[in-house]
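Asks: FYI, my numbering numbers position 184 of the sequence shown as 765, with every residue one higher than the one before it.
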Amino acid sequence: MSTASSLEFRRSPIALAELPVVGAGELIPTVHGEWVDYANFDHGASTPALVSVAAAVERASLTYSSVHRGKGWNSRVSSALYEAAREEVASFVGAREGDQVVFTRNTTDSFNLLARALPRDTTVIVFETEHHATLLPWDARRTLRLPVPASVKDAEALLRTGLKETAAVKGPRLVVLNGASNVTGEYWPLERLVPIARAAGARVALDAAQLAPHRRLDLAALDVDWVAFSGHKLYAPYGAGVLAGRADWLDAAAPYLAGGGATQAVTPAGTRWQTGPARHEAGSPNVLGVVALAAACAALREHAGAVHAHEEALAQRLRDGLAAIPGVETYSIFGPAHDRAPVVTFTIDGLDSGLVSAALSAEHGIGVRDGKFCAHLLVDSLLEESGTDATTAVRVSAGLATTDEHVERLLAAVASLASGGPRAAYEHDAGHGWVVRDDPRDLTVTLPW
Ligand SMILES: Cc1ncc(COP(=O)(O)O)c(C=O)c1O
């Protein structure tokens, strides 16, 4: 592999059979005086780094220097790595000829960039099920929100109706779809929805924040125009994200940030801006974050089969195990049997979700998330539909840091909470939510610097 920098690259094999993560096996204290292996069920929010990703960052740090305009040897190496990372990510997303890979901070940043790049008269069509990052960046006056569908067929019908309703509106249309729900983990039926958008002449942007860690992405095969995802949800928590896809609107738009790196020439008469990814990457780039992202993409691509097998087993056991516990309600958009990532959202009758997550953490060493997961419209709709009194829910999201023992511990802990409530005493505090009363643990954290 070589790049325009004239440096040649050699790839060291990723010889990791099971993709270990940094921090696996670290012991943490419970309120009952035990030390247990931290059971991370919060991958949907953010993942730990893969060991191979942290190692790549450490290696790249040895030659770290400024990129693009520096002429020193380390600048040449860092610049070459930065551009090689772009190629790696392009392969990861199955980029087509002419597609661009723009490095951003995260998915939120990517969709805000895309929103700014839309031609002025674009109409956006988006389901209310979406994460706020995908729901909110668009001009509200030109956005049609489709309700939460009741089934795959309903989603198709809603999209068809939305496209019909907007057919006479002047200007291009953009359909924004999600690859996998961050609330229910369900994979969206892209193979059914994208052709509907295409047949109506609309463009498609895909939120792959929850899809990329679990399933292969392929812009060409999916026939979508743009895809966005975050490094920190893909075992590369070093502050880089991606917007990849068609160049035309990106090149025609004003730069996302005005500043150095995005310009071709600045004269008293005005500024000539770059085209290509540099147009939207003004400022000094996050080289190590981008190296981390590329390393994660390479590792996940190489071990896609192992990741899939690990997660399929977890997803099945989590879904079946939680659904079988009396007093536990699990949630779904398309129906309980729908294919999904290892993510399950549930409530326990009569127990506040914040108390459930506090007790799972304090008493069992299990990290989960409670609330509405930045998808308020979807969570409100699912809770209302089910008739529960709960106003928030608990989400468990497994991944490469999750073991079979973690799953069994979680299921036993939820069953115990559902049947007898928490064992420790808790109090609610406005700043921190539910906390253990008179917590006996040493609550000081040693600063890592
Ligand atoms: C489906 C989905 N889209 C977008 C985002 C936003 O990602 P980020 O916070 O990395 O910008 C998230 C984050 O949870 C998500 O789950």
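Positions of the beta carbon are idealized from the N, C-alpha and C atoms, including for glycine. Here the structure is a predicted model, which is why all the values come from computation and not from measurement.
Taking the beta strand (DSSP E) that residue 759 falls in, what are its first and last residues?
Replies: Taking the first residue of the sequence shown as 1, we reach residue 759 at position 178. Unbroken beta strand (DSSP E) run through residue 759: 754-759.
Asks: Can you tell me the Cα-Cα spacing of residue 600 and residue 896, whole angstroms?
Replies: Position 19 of the sequence shown, counting from 1, holds the residue named residue 600. Position 315 of the sequence shown, counting from 1, holds the residue named residue 896. Each residue's alpha carbon lies about 18 Å from the other.
Asks: Near residue 1030, which residues of its chain fall below 6 Å by C-beta distance, leaving aside the five closest residues on each side in sequence?
Replies: For the purposes of this step, residue 1030 is taken as the residue at position 449 of the sequence shown. Answer for residue 1030: no residue qualifies.
Asks: From residue 669 to residue 794, what distance separates their C-alpha atoms?
Replies: On the sequence shown, position 88 is the one that residue 669 refers to. On the sequence shown, position 213 is the one that residue 794 refers to. Their Cα atoms are separated by approximately 15 Å.
Asks: Mark residue 854 as exposed unless 16 or more other C-beta atoms lie within 10 angstroms of its C-beta, in which case mark it buried.
Replies: Translated into positions along the sequence shown, residue 854 becomes position 273. Buried, because 16 or more other Cβ atoms sit within 10 Å of the Cβ of residue 854.
Asks: Can residue 822 and residue 686 be called in contact, C-beta distance under 7 Å?
Replies: As a working note, residue 822 is residue 241 in the sequence shown. As a working note, residue 686 is residue 105 in the sequence shown. Yes, these two residues count as a Cβ contact at 7 Å.
Asks: For residue 710 versus residue 959, is the C-beta spacing smaller than 7 Å?
Replies: Translated into the one-based positions of the sequence shown, residue 710 becomes position 129. Translated into the one-based positions of the sequence shown, residue 959 becomes position 378. A contact, by the Cβ cut-off of 7 Å.
Asks: Does DSSP classify residue 642 as helix, strand or coil?
Replies: For the purposes of this step, residue 642 is taken as residue 61 along the sequence shown, with counting starting at 1. If DSSP states are grouped into helix, strand and coil, residue 642 belongs with the helices.
Asks: Applying the criterion that 16 or more other CB atoms from any shown protein chain within 10 Å of the CB defines a buried residue, is residue 751 buried or exposed?
Replies: The residue you call residue 751 lines up with position 170 of the sequence shown. Flag for residue 751 reads exposed.
Asks: Here's the rule I'm using: 16 or more other beta-carbon atoms within 10 Å means buried, otherwise exposed. How should residue 620 be labelled?
Replies: In the sequence shown, the residue the question calls residue 620 occupies position 39. Buried, because 16 or more other Cβ atoms sit within 10 Å of the Cβ of residue 620.
Asks: Around ligand 1, which residues pass a check of Cβ closer than 5 Å to any of its heavy atoms?
Replies: After applying the 5 Å Cβ criterion, the set is 687, 688, 689, 712, 714, 763, 788, 790, 791 and 811.
Asks: Can you round the beta-carbon distance between residue 874 and residue 602 to whole angstroms, since I take them to be within the 8 Å contact cut?
Replies: As a working mapping, residue 874 is identified with position 293 in the sequence shown. As a working mapping, residue 602 is identified with position 21 in the sequence shown. With a Cβ gap of about 16 Å, residue 874 and residue 602 do not count as contacting.
Asks: If you drop the 5 nearest sequence neighbours on each side, which residues of the same chain put their C-beta closer than 8 Å to that of residue 606?
Replies: Translated into the one-based positions of the sequence shown, residue 606 becomes position 25. Taken in chain order, the residues that qualify are 618.
Asks: Regarding residue 1030 and ligand 2, is the C-beta to nearest heavy atom distance less than 6 Å?
Replies: For ligand 2, the structure offers nothing, since it holds only ligand 1.
Asks: Expressed to the nearest angstrom, what Euclidean distance is found between the alpha-carbon atoms of residue 769 and residue 760?
Replies: Here the question's residue 769 lines up with position 188 in the sequence shown. Here the question's residue 760 lines up with position 179 in the sequence shown. The straight-line gap from Cα to Cα measures roughly 5 Å.
Asks: Give the single residue among 948, 947, 841 and 637 whose Cα lies nearest to the Cα of residue 879.
Replies: Numbered from 1 along the sequence shown, position 298 holds the residue referred to as residue 879. That would be 637, whose Cα lies nearest to the Cα of residue 879.
Asks: Sorted by chain position, which residues of the same chain lie with C-beta nearer than 8 Å to residue 1025's C-beta, five sequence neighbours on each side aside?
Replies: Taking the first residue of the sequence shown as position 1, residue 1025 is located at position 444. None.
Asks: Does residue 847 pass the burial test, meaning 16 or more other C-beta atoms within 10 Å, or should it be called exposed?
Replies: Position 266 of the sequence shown, counting from 1, holds the residue named residue 847. Exposed, since its Cβ has fewer than 16 Cβ neighbours within 10 Å.
Asks: Taking only runs of the alpha helix (DSSP H) that begin and end inside the region 773-846, which ones reach a length of at least 4 residues, in chain order?
Replies: Entirely contained in the region 773-846, the alpha helix (DSSP H) runs reaching 4 residues are, in chain order, 800-803 and 829-833.
Asks: Can you tell me whether residue 810 is buried or exposed? The criterion is at least 16 other CB atoms within 10 Å of its CB, across all chains shown.
Replies: Position 229 of the sequence shown, counted from the start, is the residue given in the question as residue 810. The residue in question, residue 810, is buried, as its Cβ has 16 or more Cβ neighbours within 10 Å.
Asks: If I follow the unbroken beta strand (DSSP E) through residue 528, where does it start and stop?
Replies: Because the chain here runs from 582 to 1030, residue 528 falls outside it and cannot be looked at.
Asks: Which of the three DSSP states is assigned to residue 902 in this structure?
Replies: By 1-based counting over the sequence shown, the position of residue 902 is 321. Of the three classes helix, strand and coil, the one that applies to residue 902 here is helix, per DSSP.
Asks: Excluding the 5 residues preceding and the 5 following residue 824 in the sequence, name in chain order all residues of the same chain whose CB lies nearer than 7 Å to its CB.
Replies: Translated into the one-based positions of the sequence shown, residue 824 becomes position 243. Excluding residues within five positions, the ones whose Cβ falls inside 7 Å are 683, 685, 691, 694, 695, 807 and 809.
Asks: Nearest CA to the CA of residue 647: which residue from 864, 987, 614 and 764?
Replies: Locating residue 647 in the sequence shown gives position 66, where the first residue counts as 1. The shortest C-alpha separation from residue 647 is found at 864.
Asks: Assess contact between the region 948-956 and the region 971-985, defined as three or more Cβ pairs (one per stretch) separated by less than 8 Å. Is contact present?
Replies: Taking 8 Å as the limit for Cβ pairs, the verdict is that the region 971-985 does touch the region 948-956.
Asks: Going by beta carbon distance, what residues of the same chain come within less than 7 Å of residue 941, once the five residues before and after it are set aside?
Replies: Here the question's residue 941 lines up with position 360 in the sequence shown. If we look at residue 941 and ignore the five residues flanking it on each side, its Cβ neighbours are 947, 949 and 994.
Asks: What are the complete alpha helix (DSSP H) segments, minimum 4 residues, inside the region 596-674?
Replies: Here the runs fully enclosed are 632-643 and 654-673.
Asks: Can you give me the start and stop residues for the beta strand (DSSP E) that residue 1010 sits inside?
Replies: Here residue 1010 corresponds to residue number 429 of the sequence shown, with the count starting at 1. From DSSP, the beta strand (DSSP E) with residue 1010 extends over 1007-1010.
Asks: Using CA atoms only, rank isn't needed, just tell me which of 657, 698, 943 and 625 is closest to residue 720.
Replies: Taking the sequence shown and counting its residues from 1, the one referred to as residue 720 is at position 139. Residue 720 has its Cα closest to that of 698, out of 657, 698, 943 and 625.
Asks: What's the C-alpha gap between residue 585 and residue 839?
Replies: Taking the first residue of the sequence shown as 1, we reach residue 585 at position 4. Taking the first residue of the sequence shown as 1, we reach residue 839 at position 258. Low local confidence applies: a pLDDT of 48 at residue 585 is under 50, so the model's placement there is unreliable, with the coordinate-based value given in what follows. Cα-Cα distance, rounded: 25 Å.
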